[in-house]
Structures are given as C-alpha cells and as structure tokens.
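Notes to accompany the following structure.
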Amino acid sequence: MEENQGRSIGGVHDQSAPTGFPGFSECSTKFTQTEIDERLKNILRTLILFAIRVFGIAGARTAARQAQQPAPQSPRILLIRPDHLGDLVLTTPVLNALKTHLPNASITMMVGPWSSEVVAHHPAIDRLLLCPFPGFQRAAQKPLSPYILLRNVAQQLRRERYDLAINLRPDFWWGAALLYLARIPRRVGYAIAPGTPFLSRALPFQSPELATVSNLRLVSTALGLLGNPPLEEPYTPARYPLEFTPTPAEQAWVNERLEKAHIAVEDPIVVIHPGTGAAVKLWRTAAWSACANAIPGLLTTPAPARIILTGSQSERPMLEEIAHGITSPPLLMTDMTTGQMAALLQRAKLVLGVDNGPLHLAVAQGTPTIHIFGPTDPRIFGPWGTPERHVVIASTHRCPTCPTIPCGRLDFRPEELPAHPCVRLVSEQQVEDAIKTLLNTEATSPSHTS
C-alpha cells in the first residue's frame with residue numbers, strides 16, 4: 002500500500018446546483034440585482050452543463066465500452082466526498098467495507114483540504130487527493146471558476162485510468178460531471194438532477210435515511226459492478242462503525258493539557274461543543290450555561306464533573322460568553338487539531354452540542370452524545386452509533402416563514418435569523434433530562450463502545 006499523500010488541485014468556490022432554466026422574463030425590475038445575477042448564473046450553468054454532456058459524449062462512449070469488459074482483479078477506485086468534518090466522519094464506514102471486500106483494490110479518495118485530517122491516515126486509503134471543491138469553501142468565486150477547475154481536474158483524473166468511481170455526496174452534480182469528463186467506465190451515484198446524466202449507474206435516492214446508509218448503498222452497488230457480492234445487510238453501526246482513531250501522540254497532548262488544568266484521569270469530563278457552520282443552528286449561550294450549571298447535580302459520581310468548552314478560535318467569544326455564566330469556571334480549548342479533538346472526546350463521559358462535526362467525531366470514539374437539531378434532519382444527519390448511547394433533541398417549533406420543520410435551509414442572512422428561532426426554542430429542561438439519562442447509565446462507563 003502506498004503511503005497516504007495529500008495533493009492539492011486548483012482553487013474555486015460555487016453555489017447550489019441549478020434547478021431549472023429560468024426564463025428571461027423573470028429578470029424584471031421586481032427582482033433585486035442579486036436575484037437577477039443569480040438567475041443569470043443559473044442560465045449560464047445550465048448552458049455549460051449541456052455543453053459538458055455534448056463535449057464528453059465521445060469519451061463517455063469509450064468508457065461505456067470499457068465497462069463491458071471484465072473488471073480487473075486489482076481495480077483502481079476513486080471516491081469523492083467534498084464535505085466538511087461531520088459528513089466525512091459519517092462516510093468512514095464505507096472505507097473498511099470496500100477494502101474488506103476488495104483487498105487488492107487501490108483506493109483513492111478525493112476530499113477538500115478542510116476535512117482531509119479525517120482520512121489522512123486511514124488504513125483503507127492508498128492515496129489521498131485534495132481538491133477545493135466548488136460550493137464548500139465558503140468564499141467568493143468567479144462565475145466560470147467551477148468549470149475551469151472541472152476541466153483541469155478531469156484531465157488529471159483521466160490520466161489515472163480509474164476503473165470505478167463513487168460520487169458519495171448525493172446531490173453533488175459537479176462531482177458527477179467530473180467523473181464523466183474523466184472517462185471513468187463505472188460511475189456510481191444518486192439520481193439527483195442535474196448530475197444524473199453523468200453517471201453510468203444512478204440509484205434512486207431514498208430520503209430520509211441516514212447519510213451513512215446512503216453511502217453504503219452506493220458501495221454495495223459498486224461492488225456488484227465489479228463482479229463482487231453486495232454488502233451484508235442490514236446496515237448497522239455495529240457492522241459498519243464510524244472510524245477515527247487518534248494517535249498516541251494526540252492522546253498524550255490531551256493528557257498533558259488536562260493535567261496542566263488540574264483535571265485528573267479519574268475526573269468525569271463533560272464536553273460542550275456549541276459551535277457549528279451555520280448560525281441558524283446555534284443554541285442560546287445562556288441555555289448552555291444553565292445546563293452546565295445543572296450537570297453537577299445530575300451526576301452521581303464521587304468526583305465533580307469538569308466542564309470543557311471546545312470550538313474554533315473564531316468561536317472563542319461565544320465560548321467566553323457561555324463560560325461567564327457557568328458557576329465553576331470551565332476549561333476552554335480552541336487550538337486543537339482533529340486528532341487532538343478526538344482524543345479529548347475519547348476522555349469525555351458525555352459530549353453535548355448542536356448539529357456539528359465534532360459530535361460525530363465523539364460518536365466515533367464511542368462517547369455518549371446529545372445533539373440539538375433544528376433546520377437539519379436528524380433522520381439523515383443524526384448519530385451513527387448505538388441508539389441507547391446517543392440522544393437527539395429535534396426542535397418541533399416550525400419557524401413562521403418555513404414550510405416544514407426541519408426545513409433543510411441554512412443560508413439565512415444575519416438579519417433573517419430572528420425570524421428563524423427553531424433551535425433557540427429548544428428548552429433547557431429537554432437537554433437536562435437527556436443529560437440525566439446518559440450520565441447515570443451503565444452505557445457511560447469509561448470503556449466506550451460506539
């Protein structure tokens with residue numbers, strides 16, 4: 002097996018996929034300039050996607066003929082997952098599943114640099130490619146940049162001569178188009194427009210179902226295309242667990258940090274990770290403080306619970322606001338790598354947070370978790386672990402302008418947030434009840450199992 006290597010490709014950002022061909026009559030003075038620009042971008046996108054299909058026809062036909070040939074004994078497989086921390090953690094079960102069924106396969110995974118730590122040292126991956134995928138950089142872009150990047154990356158992948166590729170994010174049309182232009186014979190993904198025509202095998206998308214299950218379905222189909230039996234069902238966390246293991250050095254770093262904070266090995270630790278990538282998913286800082294203050298009275302252990310607040314450096318002001326309301330000063334940790342974060346969560350008796358990546362990382366460590374959900378669907382993005390060890394608190398408060406709860410929308414402007422309080426309306430009592438349940442069960446014993 003080759004040593005994992007991260008390689009960067011280009012740079013670009015994109016927005017959501019086109020959903021149709023808006024008529025020019027829509028671009029009237031009743032729309033803002035931003036709305037007009039977005040419609041023009043959609044028109045451009047639709048035309049370019051059509052051009053991609055036409056331009057790639059010859060290569061696609063060649064790839065289709067190659068797909069009719071017997072699969073090689075040592076297939077070259079490409080996996081694409083553009084997302085951030087949590088979604089990539091939820092993808093890790095497919096890696097061992099693939100390698101177990103295809104031990105001679107060479108597996109390459111292409112991810113964004115923002116999440117590469119999750120799989121950089123995964124034993125099932127032979128090669129790691131880094132790509133600043135459109136739509137995931139959270140930065141400005143030029144209109145044609147996604148398509149220039151698409152052409153350049155496709156040319157590189159074409160030289161690699163992959164036998165099969167899986168587009169692991171269901172709605173990632175850019176990834177489907179990439180596999181098409183790269184002339185990969187077997188291209189597996191979900192039948193979600195506008196990416197469907199670029200796939201050689203497009204599965205109907207079964208929503209809502211947990212993201213890990215959706216990924217395992219793709220792998221099972223891919224195995225069949227290579228002449229192998231499908232994955233064993235049912236798909237369960239026990240059979241296909243999340244995987245991320247911190248290194249001994251990362252564990253030692255955490256132990257030293259906690260020792261300096263006078264937190265002993267036997268002290269029960271409760272970690273709160275309140276941050277997330279979308280402001281609409283945030284809970285109230287005062288509510289976090291209240292729950293932290295309630296924990297000592299809910300825990301039936303000789304040693305008092307030690308509270309640790311975690312987050313990015315940019316989230317430190319929020320953590321300090323929460324800490325200000327906690328009676329016993331908590332430890333704030335904002336300078337950790339993904340591996341160090343995992344090592345800390347491994348030490349914890351309980352981890353609390355909203356819908357965010359570190360909560361999935363905690364599940365991967367076998368640590369009990371409490372997840373607060375609002376606009377996102379826990380049936381898709383909820384914890385992949387033993388149900389008794391993880392509690393999901395899903396808001397039932399539909400926001401006035403949203404059609405349903407969950408609505409799935411995260412891109413609210415700051416001035417729109419007051420009208421979207423679904424997460425903020427979750428009560429402290431709901432969270433405290435979940436804390437009491439998980440803190441005082443045998444499932445929270447130090448010997449974690451997911």
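The sequence shown runs 2 to 451 under this note's numbering. For every residue, glycine included, the Cβ atom is placed at its ideal position computed from N, Cα and C.
Provide the residue span of the beta strand (DSSP E) that contains residue i, from first to last.
i: S107; result: 107-112
i: A349; result: Note, A349: premise wrong, no beta strand (DSSP E); not H, not E.
i: V189; result: 187-191
i: R128; result: 128-131
i: L79; result: 77-82
Within the same chain, show all residues whose beta-carbon is closer than 6 Å to that of residue i, passing over the 5 residues directly before and after it, in chain order.
i: K100; result: A125
i: A293; result: I308, I327
i: H49; result: According to the sequence shown, residue 49 is Ile rather than His. Here the set comprises Y148.
i: S116; result: H85, L86, L89
i: L320; result: L310, G312, L333
i: A192; result: A203, P205
i: L96; result: H123, A125
i: T213; result: L91, P94, W385
i: K437; result: L299
i: H421; result: V281, C400, F413
i: R380; result: P209
i: V392; result: I371, A435
i: T368; result: L346, A349, V352, H449
Alpha helix (DSSP H) containing residue i: first to last residue?
i: I167; result: No alpha helix (DSSP H) contains I167, which is instead part of the beta strand (DSSP E) from 165-168.
i: G60; result: 58-68
i: A435; result: 429-440
i: L320; result: 317-325
i: S290; result: 286-299
i: P94; result: 94-102
i: R380; result: 379-382
i: K116; result: Correcting the residue identity first, residue 116 is Ser in this sequence and not Lys. Counting along the chain, S116 falls outside any alpha helix (DSSP H), and DSSP gives it neither H nor E.
i: A279; result: It is not in any alpha helix (DSSP H) - A279 carries neither H nor E in the DSSP assignment.
i: V120; result: No alpha helix (DSSP H) contains V120, which DSSP labels as neither H nor E.
i: E417; result: E417 -> no alpha helix (DSSP H), and no H or E assigned at all.
i: V424; result: Neither: V424 is in no alpha helix (DSSP H) and is coded neither H nor E.
i: P147; result: 146-161
Can you say whether residue i is buried or exposed, counting buried as having 16 or more other CB atoms within 10 angstroms of its CB?
i: F51; result: exposed
i: T30; result: Residue confidence for T30 is low, a pLDDT of 44 falling below 50, so the modelled location carries little weight and cannot support an answer.
i: E27; result: Its pLDDT being 36, under 50, E27 is placed unreliably by the model, and the measurement read from it follows with that caveat. Label assigned to E27: exposed.
i: Q347; result: buried
i: A141; result: exposed
i: D378; result: buried
i: A456; result: Because the chain is modelled from 2 through 451, residue 456 falls outside the range shown and cannot be assessed.
i: A18; result: At A18, the pLDDT of 37 sits below 50, so the modelled position is not reliable; the number obtained from the coordinates is stated separately. Flag for A18 reads buried.
i: Q74; result: exposed
i: I58; result: exposed
i: S329; result: exposed
i: L426; result: exposed
i: G340; result: buried
i: A363; result: buried
i: L165; result: buried
i: A65; result: exposed
i: H1; result: Here the chain covers residues 2 to 451 and nothing more, so residue 1 does not appear.
i: R184; result: buried
i: H325; result: exposed
i: R160; result: exposed
i: R46; result: buried
i: A349; result: buried
i: D336; result: exposed
To which residues does DSSP link residue i through a beta bridge?
i: H372; result: G354, V393
i: V271; result: I308, L351
i: L179; result: Per DSSP, none; premise fails for L179.
i: L204; result: Y191
i: L332; result: I309
Within a Cβ cutoff of 7 Å, which residues of the same chain sit near residue i, ignoring the five residues on either side of it in sequence?
i: P23; result: Reliability of the predicted coordinates at P23 is poor, the pLDDT of 34 falling under 50, and the value obtained from them is presented with this limitation in mind. For P23, where only same-chain residues beyond five positions count, the Cβ hits under 7 Å are R40, N43, I44.
i: E322; result: T286
i: A288; result: E429
i: R170; result: R82, P83, D84, G176
i: T301; result: N441
i: W284; result: P275, V355, I373, V424, R425, V427
i: A291; result: E429
i: F25; result: Below a pLDDT of 50, predicted positions are generally treated as unreliable, and F25, at 30, falls in that range; the measurement from the model is reported next regardless. Nothing meets the Cβ criterion.
Return yes when the C-beta of residue i is under 8 Å from any heavy atom of the ligand SAM, and no when it is not.
i: V154; result: In the structure shown, the ligand SAM is absent, as is every other ligand, since no ligand is present at all.
Whose C-beta lies closer than 8 Å to the C-beta of residue i among residues of the same chain, with five residues either side of it excluded?
i: L217; result: P94, V95, A98, L232, Y236, Y241
Between residue i and chain D, is any beta-carbon pair separated by less than 9 Å?
i: Q314; result: Going by chain labels, chain D is absent from the structure shown, which holds only one protein chain.
Complete alpha helix (DSSP H) runs within the stretch 208-256 (minimum length 4 residues, chain order): The stretch 208-256 contains these whole alpha helix (DSSP H) runs: 212-226.
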